[in-house]
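Comments concern the structure below.
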Amino acid sequence: MRIAYEQILSALSRCLAERGFEGLEAQLSAIEEPRPWGVSSNVCFTLAPRIAASRIEAASAGLSKAEAKKLAIDLGREAGVQLASELALELQQLCSQGCFPYIERVEAEGPYLNFYYDAAALAHMITGTVRVMDERFGQGICSGMQPGDECYRGYDCMPRRIMVEYAQPNTHKDFHVGHLRNASIGQAIANLLEFQGHTVYKATYLGDVGLHVAKAMWGAAHAQELGVAPAASDAPQDRLAFWGRCYKAANARFEAEGGEAVQAEVRAWLAHWEEGSVEARSQWQSSRDECDRAFRDIFAELLVDFTADPNCWFYESIVDDTRLGQKTAEELKRRGIAQVDESEKYAGSLYVHFEEHLGRLLPGEIRARETALGRELREGERAELEAQLGKTLRRLGKMVILRSDGTSLYQTKELGLAKHKFDLVREKTGEPLAESLYVVGAEQKLYFEQVFSILKLWGFPNAENCRHISYELVVLPEGKMSSREGTVVSYRELKDEAVRRAEEIIREKGLITEEQQIQETARKVALAAIKFTMLQVGGNQQIVFDFEQALSFDGRAAPYLQYAYARAGKLTAGASLEQGGNGIQPTAVHELHASEIALARWLSSFPSVCQTAAERFEPAGLCNYLYSLAAAFSDFYRDCRVIDAPQPERAFRQGLCEAFRTVLRTGFRLLALPLPEAM
RNA sequence: GCGCCCGUAGCUCAGUGGAUAGAGCAUCAGUCUUCUAAACUGAUGGUCGCAGGUUCGAUCCCUGCCGGGCGCGCCA
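Position 618 of the first sequence, counting from 1, maps to 606 under our numbering, and the rest follow consecutively.
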């Protein structure tokens, strides 16, 4: 809420100017509960030492250092308190004249200068605004702006084209809870960026070729002797699970002692595939497509979707077949960025030795720094920057970008695809892609630094706009999950159990009777619950997966929010909201309950929560906010009657409930969580 | 060895350069003839890993240390 901010700030700086403090950048921050609704300035803290300076100097003559310091602190504090009370008095006068919209009183509390809202009026205003804005409430302020327009806040929030790549599962392997975290975070980030007004291309990249596929194919061919259970049915999920079992079993043989024969067969198959053997290709194609279908079903269920035009569903095999990677590697060699390895072991491979290219990167770094500073760098600063860059490049070491046998590595393809993404958007839309984001686990941090650095060396114009959005992994109590060792928690297993438990509770409650609705609701509750578990933890926090905890439907979990939403729905059902006029002007002012004000107060911070979440690429903040919002609703529900309340309370409260539902609905949409109407 | 991330209540996690550090779970005691008890109320529980520094003010920023996770050329 930025109501009255500008008026307050300009009045405040006038008052300060009168006292000889010109050009001060005062700031206002929201006052936190349980204090009343308002904003606060801390200028008196920062100014206090300056005001007291002369007095301190006079008084501290002859005192020891420690004594003088203590005295200075005391005098400073005193001065701060006094300044705050003087300012409060002056500003209160302006406030009484109605200079600050929605501000009711100005008070000093110690050195804090507090501006308190007329809570009732503001609560009416918020409720009405949400009603009018509806699903657009909270949208980025720059959404809808045209290139060239200037954002009045000066933020870098101009709408631009952004590609986000996430949920990159490998075919022929199980989809597990680690993928669930990635897909949940990625989709939420994409939605949040869209809500800020950006054009977002949602991309995924499927690992549908490579050694793991060859292993799975070998496993399927030897399924019987390996004791791999056949697929329970032809359904995509069962087929995917089957391929996962084949992979795991084959891998065990592959890595076992005396596995040379298996290794040879697996590699032979891969070689056939690469040569384009019709048999290998058709085996691969049909199995790949089975996994593909299973993934599409899972994504649909998770409300995860990818851009169809231009098609951002990328296959590793396509990158392979078009030799995008090899072409890139050749190009890098031609430009002298990559060099040929001449060691006996790796003869013929190509690698980039970052440290050797300092001179190539330095001018760009200097330019970037100068742009940021708005001036030229001094000699010393240049040297420092150079030293810094040297250190970074040393840390990056070397990266191999082509195997000695000429086949491509993962990074070879990554380089090719990175460029392709920019080309694709330009070709399709005629507009440049401004940013390319990769939602990938933190274990790949170095890898992406290396890849992006190679892009920079390549002279790729958008290299600095590629960004790794990293998050820590989901691990098991006994350690890292590994499809190879089969130590994963399958997404399907988790989901099935979650749905089963949700259904049980719904049947117990008996509020929903229609069978189809029971199942549909159970699915929505279960999916939201498991996704919320993944989303509410910050990205830099590792998740130690606990099955029971992930399935919790109590407390700080998605069902709590859904439950609040369903309850609120009952209170507004059939209500004629028109009764409250446009809602922005209070129809009649009644004494508001603290819980009503608290709820409106939470509603008011939704826009800034969305903005922060988008800026930080961190959906967890929105999760926490929505939980607090729902908790505020629960308080309101406990304290205030709605349906049987007299007017005008009833109209206002129903409007408040409706506003709560709108914000929660939007929040769920952004987080890609399903939301049942009743439960 | 070097680099990145984490360390906050018994457990899982929020949090912010500012006012008395918060939730959930667990434990204990309560609340359904009153708009859905997947809820609500209360109690218990903290040297914010340790030690310095910057600051009027540090859990937050800086430095060092300790503990845990991850990464560091032919895997993806």
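We put the CB at the ideal spot given by N, CA and C, even for glycine. Just so it is clear, the structure is predicted and the values come from calculations on it, not from any experiment.
query, result
"Expected contact under 8 Å - CB spacing of Ala14 and Pro99 to nearest Å", "No, Ala14 and Pro99 are not in contact; Cβ-Cβ is about 13 Å, not under 8 Å."
"Length of the line joining the Cα atoms of Ala209 and Gln225", "20 Å"
"Trp261 - containing alpha helix (DSSP H), residue span", "248 to 263"
"Assigned exposure category for Arg629 - 16 Cβ within 10 Å defines buried", "exposed"
"Bridge-paired residues (DSSP) for Gln387", "First, the residue type needs correcting, since residue 387 is Met and not Gln in the sequence shown. According to DSSP, Met387 bridges with Val340."
"Element boundaries [alpha helix (DSSP H), containing His581]", "His581 -> no alpha helix (DSSP H), and no H or E assigned at all."
"Contained alpha helix (DSSP H) runs [length at least 4] in the segment 254 to 326, N- to C-terminal order", "266 to 289, 304 to 309, 312 to 322"
"Simplified DSSP state of Glu332, which is helix, strand or coil", "coil"
"Three-way DSSP call (helix, strand, coil) for His167 in this model", "helix"
"6 Å CB neighbourhood of Thr316 in its chain, flanking five on each side removed", "Leu403, Gly404"
"Per-residue DSSP class, three states only, for Lys468", "strand"
"Chain-order list of residues whose beta-carbon lies under 6 Å from that of Ala60 (same chain, five-residue window excluded)", "Ile44"
"Candidates Ser275, Trp206, Gly246, Phe302, of which the one nearest Leu258 by Cα", "Trp206"
"Those residues which DSSP pairs with Tyr104 across a bridge", "Gly26, Arg93"
"Limits of the alpha helix (DSSP H) - the one that Thr187 falls within", "Not the alpha helix (DSSP H): Thr187 falls in the beta strand (DSSP E), residues 187 to 194."
"Classification of Thr501 by the beta-carbon crowding that lies within 10 angstroms, buried from 16 upward", "exposed"
"Contacting residues, own chain, Cβ-Cβ under 7 Å from Asn239 (five flanking each side not counted)", "Lys203, Arg472"
"Alpha-carbon to alpha-carbon, Leu82 and Ala40", "27 Å"
"Three-state class that DSSP yields for Ser622 in the structure shown", "helix"
"Buried versus exposed, by CB contacts within 10 Å (16 or more), Val307", "buried"
"Rounded separation between Ile585 and Ala107 - CA only", "6 Å"
"Three or more C-beta pairs below 8 Å linking the segment 521 to 532 and the segment 486 to 498", "no"
"Any alpha helix (DSSP H) of 4 or more consecutive residues that is wholly inside the segment 596 to 666", "608 to 627, 637 to 659"
"8 Å contact criterion, which Val463 and Gln530 should meet: CB distance rounded", "6 Å"
"Nearest candidate by alpha-carbon position, reference Val328, set Pro147, Gln504, Arg148, Ile389", "Ile389"
"Collapsed DSSP secondary structure at Asn179 in the structure displayed", "helix"
"Straight-line gap, Gly643 to Ser592 (C-alpha atoms, nearest Å)", "14 Å"
"Reduced DSSP secondary structure (H/G/I, E/B, other) of Asn158", "strand"
"CB-CB length for Lys401 against Tyr339, believed under 8 Å", "At roughly 16 Å, the Cβ-Cβ gap does not stay under 8 Å, so Lys401 and Tyr339 are not in contact."
"Own chain partners of Gln80 with C-beta closer than 7 Å, once the 5 adjacent residues on each side are dropped", "Arg93, Val94"
"Where Arg149 sits in the DSSP three-state scheme", "strand"
"Distance CB(Ser1)-CB(Leu12) smaller than 8 Å", "yes"
"C-beta contact flag for Ser458 and Val428 at 8 Å", "yes"
"Alpha-carbon spacing of Pro298 relative to Ala178, whole angstroms", "16 Å"
"Residue nearest to Gly185 in terms of C-alpha spacing, selected from Gln599, Leu617, Glu646", "Gln599"
"Spatial distance of Ala252 from Asp280 (CA atoms)", "28 Å"
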